[in-house]
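Q: Residue numbers for the sequence shown follow my numbering, so the first one is 41 and each next one is one higher.
Every residue, glycine too, gets a C-beta built ideally from N, C-alpha and C.
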Amino acid sequence: MPPLEELDLPSFDYFDPELRGVRFHEQMLALRDAGWLARTPLGIVVLDHEAAEFFLRTKSAIFPGTKIAELFDIHEGALYEQLRRNILCIDGEDHRRLRSLVNPALTARAVERYRPAMRQYIAELFAAVAADGRCDFVAAIAKPYPSMMIATVMGAPLGDADRLHKWSNVIQRQFASNLFDERERIERAVEEFYVYVDGLLAARRADPGDDLVSKLIAAEEGGDRLSDIECVNLVLNVLIGGVDTTQAQLAQGIRLFAEHPEQWDALRRRPELIEPAVEEIIRYEPITPFTSRILVEEVEYRGITFPVDTVILACTFTGNRDGTPDCDRFDVAAQRGGARTLTFGAGIHYCLGANLARAELQEALGFLASRMADLRLDGEASFDTVHGIYGLDTLPITFAPAEPAPAG
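1) For residue 180, which of 438, 305, 443 has the nearest alpha-carbon?
2) If you draw a straight line from the C-alpha of residue 337 to the C-alpha of residue 83, how long is it?
3) Report back the beta-carbon spacing between residue 334 and residue 381 to the nearest angstrom; my notes put them in contact at under 8 Å.
4) According to DSSP, residue 331 sits in a beta bridge with which residue or residues?
5) Across the segment 270 to 279 and the segment 294 to 313, are there enough close Cβ pairs to call them in contact, namely three or more that are closer than 8 Å?
6) Who pairs with residue 176 in a beta bridge, going by DSSP?
7) With C-beta atoms as the reference, is residue 405 less than 7 Å away from residue 327?
8) Please state whether the Cβ-Cβ distance between residue 226 and residue 119 is less than 7 Å.
9) Check whether the segment 421 to 438 and the segment 160 to 174 touch, using three or more Cβ-Cβ pairs below 8 Å as the test.
10) Buried or exposed: residue 160, going by 16 or more other Cβ atoms within 10 Å of its Cβ?
11) Considering Cα atoms alone, identify which of 116, 388, 156 is closest to residue 403.
12) Let's see if you can read the secondary structure: which residues bound the alpha helix (DSSP H) around residue 272?
13) Looking only at DSSP bridge pairs, what is residue 43 linked to?
14) Comparing C-alpha positions only, which one of 48, 66, 158, 213 sits nearest to residue 123?
15) Taking the C-alpha atoms as reference points, what is the distance between residue 141 and residue 189?
16) How many Å lie between residue 245 and residue 291 at the Cα?
17) Among 411, 69, 76, 126, whose alpha-carbon lies nearest the alpha-carbon of residue 106?
18) At which residues does the beta strand (DSSP E) containing residue 415 begin and terminate?
19) Tell me whether residue 448 is buried or exposed, calling it buried when 16 or more other Cβ atoms sit within 10 Å of its Cβ.
20) Over the uninterrupted alpha helix (DSSP H) stretch that includes residue 78, give me the two end residues.
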């Protein structure tokens, strides 16, 4: 089998600051058409669904969080503890145990209890801009909405939503930044959040509620319970996995609809399309366009030898389109079928908060489609980079305030 380093593969610059928006689409689709592998300065990119799923699921690869710590000489402190105890960085029996204790609080059925709060918050945020008929959607709705929901899910005061957003935004950068530049800021955010959640744990022990922290405190399987430090880090995982991600996916979704007004009109006329519309947004513009792994064992796959320490970037953008009919068209009514999208990952590290994210997106789109007619861009969207969470910095839109459209 030929070694990986001897292969003549197409390449692209993962760190190119212009790799976003239309240019990102064009470059990744060109690479997809050239084959299933590409090189970047960071590692090897796999471009089709089957290969991406293989490397995300194989036990010969791990999430590279602990490798990040080693690379940046992080051996102590709050950031080190967070990386070491992050559920993404834990495998084997310890990972199974943690997931078995936290999963019941985040099942599809469990998150239904939060839908009334989702409807209330999205309605309140929209009311503040409805009369104007225009807004920066990111600042007005996409940014505060998931922060308010995470506060509610955690059982934290709603007034803390902005602080939670700031902590999430900073801590999330550990997987998207040069830690030489960001380490001190991230470390401080982790320390502050640990102190905050310690206080929240104490409050919920004294006065349990129907919230995630209370459920984690009470979680038990076969007589086993979570320790305080496990609770704190699982709450942190939910925070950094459930704020920037939902903000980015909702903003990208509204951008897609503003660019495809006929799709928005279809959604307004047919509320039954809300759930498939969410799946189409997640498929078409995943806000985790690359999901990384590092090999801890040599792997032979499709006749190629991948050595230990190879960094693999599973491209969810191209993987989501692989094998899907008319895959490069955004269409909320299309009968896609095919393989499951990779946006939430695959294997043992499949996103803990996927059910919550889907519910938030469904409720937001359902409400907004019933209240905004003639949705259009009001200027250019400002894209963030594809490193880490691929969101929008700004999204200026115009719309005509409307009453719910009649079905038909």
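A: Checking against the coordinates, here is how it stands:
1) Here the closest residue by C-alpha is 438.
2) 16 Å
3) Incorrect: roughly 23 Å between the Cβ atoms, too far for contact.
4) 354
5) no
6) Paired residue(s): 436.
7) At a Cβ-Cβ threshold of 7 Å, residue 405 and residue 327 do not count as neighbours.
8) Yes, Cβ-Cβ distance for residue 226 and residue 119 is below 7 Å.
9) Yes: the two stretches touch, three or more of their Cβ pairs being nearer than 8 Å.
10) exposed
11) 156
12) 268 to 282
13) 345
14) 213
15) A straight-line Cα-Cα distance of about 22 Å links residue 141 and residue 189.
16) 36 Å
17) Comparing Cα-Cα distances from residue 106 to each of 411, 69, 76, 126, the minimum goes to 126.
18) 412 to 417
19) Unreliable positioning characterises residue 448 in this predicted model, as indicated by a pLDDT of 47, which lies under 50. The coordinate reading is nonetheless provided below. So residue 448 ends up on the exposed side.
20) Unbroken run through residue 78 is the beta strand (DSSP E), 77 to 79; no alpha helix (DSSP H).
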